[in-house]
Amino acid sequence: MSGSTNNYSDKEIATNLLITLKHMKSEYNTFSQEASNEELFKEVDTLYQDLSAQQRKVYEMMKEQGWYKMTSDSEKNISKAYTKFSKMEDELCE
Numbered sequence: 134m135s136g137s138t139n140n141y142s143d144k145e146i147a148t149n150l151l152i153t154l155k156h157m158k159s160e161y162n163t164f165s166q167e168a169s170n171e172e173l174f175k176e177v178d179t180l181y182q183d184l185s186a187q188q189r190k191v192y193e194m195m196k197e198q199g200w201y202k203m204t205s206d207s208e209k210n211i212s213k214a215y216t217k218f219s220k221m222e223d224e225l226c227e
């Protein structure tokens, strides 16, 4: 490995961090919900909340830098998605 360098941009590092935090948050969520006792649940849930806060900070920083762009969609597509998920919710509640 001598002599090799990886020159990652700040954007690439931040993107990688955000992806990693999202995956960790998902794992901690499952872990906390399946904890064998209340004490363990509370401990892991605290870690989950900390991860959530860190993920939000990275997201906000990326948005401020212009690295995480949100695009708007048409009312038709938004309505279509809303209808789709409303139907799914209704089916789950039956």
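Whatever position you read off the sequence shown (first residue = 1), add 133 for the working numbering. Beta carbons: idealized from backbone N, C-alpha and C, even for Gly.
As assigned by DSSP and simplified to three states, the class of residue i
| i | result |
| --- | --- |
| S165 | helix |
| T204 | coil |
| S159 | helix |
| M134 | Confidence at M134 is low in this model, with a pLDDT of 49, below 50, so the placement of that residue is unreliable and no value is reported for it. |
| N140 | coil |
| E224 | helix |
Beta-carbon gap between residue i and residue j smaller than 7 Å
| i | j | result |
| --- | --- | --- |
| Q182 | L154 | no |
| V191 | L151 | yes |
| F174 | S185 | no |
| W200 | K144 | yes |
Going along the chain, which unbroken runs of the alpha helix (DSSP H) with 4 or more residues stay wholly within the region 171-215?
Considered as a whole, the region 171-215 harbours 171-198 as its complete alpha helix (DSSP H) runs of no fewer than 4 residues, in chain order.
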